[in-house]
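Down below is the structure, laid out as structure tokens.
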Amino acid sequence: MTKVAIVYHSGMGHTRRQAEAVFEGAASIEGIEARLISVDEVEANWEFLDAAAAHSYGTPTYMGSLSAGLKTFFEKSAGRWFTQAWKEKLAGGFSNSGSASGDKLNALVDIVLFSAQMGMLWVSLPLLPGNVFDTDSLNRAGSFLGPTAQSPHGLEVELPFPGDLLTSALYGAHVAQLAKRLEASKAL
Ligand SMILES: Cc1cc2nc3c(=O)[nH]c(=O)nc-3n(C[C@H](O)[C@H](O)[C@H](O)COP(=O)(O)O)c2cc1C
């Protein structure tokens with residue numbers, strides 16, 4: 003089984019729902035063992051993270067950047083930076099915020115930079131931009147680095163929006179499929 007880890011922080015549950023969608027997409031691929039790991043649970047999951055072929059990191063956008071929760075996980079991983087232990091694993095990322103932009107791009111760029119420092123290979127979102135006015139649309143925000151979700155404050159509907167969750171699930175499946183291909187090529 004090819005292992006895929008989805009590591010996320012969520013203060014109020016919205017990014018957790020997005021992370022669950024990424025996890026469900028990854029787990030739907032045959033031959034994949036996906037694990038959803040809250041930053042509060044990482045201590046019990048280092049072995050899985052080291053063994054995984056792919057990681058996907060999720061954060062709410064707080065103050066235009068990573069949440070302190072995901073950033074703390076990144077800093078805890080510094081020992082793996084010294085040894086480049088995660089070199090050539092795949093890396094993906096996703097973010098959720100209140101506003102349409104909310105400066106989520108900056109949070110994604112932070113995740114890309116962490117992944118680059120770790121020697122990992124970035125997986126972008128292979129979906130053309132959707133319709134920003136349709137909350138069921140795929141890649142509504144037209145983001146290419148990774149799926150972005152919106153959970154506007156004060157709306158009486160289930161959040162993040164359905165299209166954002168489906169986009170996240172498709173991304174999880176994409177990361178998992180690439181992880182399988184990567185492992186198969188290493189076995190040759
Ligand atoms: C400390 C803090 C900072 C925030 N900063 C932003 C921001 O920069 N841009 C934005 O669109 N929303 C911002 N928000 C709103 C959150 O991104 C939004 O509520 C999101 O759904 C929270 O995800 P969570 O439920 O996983 O914590 C902020 C919320 C908090 C608590």
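Residues in the sequence shown are numbered consecutively from 3, following my numbering. C-beta atoms are modelled at their ideal positions from N, C-alpha and C, and glycine is treated no differently.
Task: Residue(s) in a DSSP beta bridge with LEU38 - done: Here residue 38 refers to the residue found at position 36 when the sequence shown is read from its first residue. LEU38 is bridged to ILE8.
Open item on the list: Whole angstroms are fine: how far does the CA of GLY104 sit from the CA of LEU115?
Closed with: For the purposes of this step, residue 115 is taken as residue 113 along the sequence shown, with counting starting at 1. For the purposes of this step, residue 104 is taken as residue 102 along the sequence shown, with counting starting at 1. If I take the Cα positions, the gap works out to 19 Å.
Open item on the list: To the nearest angstrom, how far is the alpha carbon of GLN119 from that of GLY94?
Closed with: What you label residue 119 is simply residue 117 of the sequence shown in a count that begins at 1. What you label residue 94 is simply residue 92 of the sequence shown in a count that begins at 1. Their Cα atoms are separated by approximately 14 Å.
Task: C-alpha distance - ALA36 paired with PHE146, whole-angstrom precision - done: The residue labelled residue 36 in the question sits at position 34 within the sequence shown. The residue labelled residue 146 in the question sits at position 144 within the sequence shown. Distance between the alpha carbons of ALA36 and PHE146 is about 23 Å.
- [ ] With a threshold of 16 other CB atoms inside 10 Å of the CB of VAL159, please say whether the residue is buried or exposed.
- [x] Position 157 of the sequence shown, counted from the first residue, corresponds to residue 159. With fewer than 16 other Cβ atoms within 10 Å, it is exposed.
Open item on the list: So, does the segment 160-168 touch the segment 121-131, judging by three or more C-beta pairs under 8 Å?
Closed with: no
TODO: For the beta strand (DSSP E) containing ASN133, list its first residue and its last residue.
DONE: For this step, residue 133 is matched to residue 131 along the sequence shown. Segment: none, ASN133 is in no beta strand (DSSP E) and carries neither H nor E.
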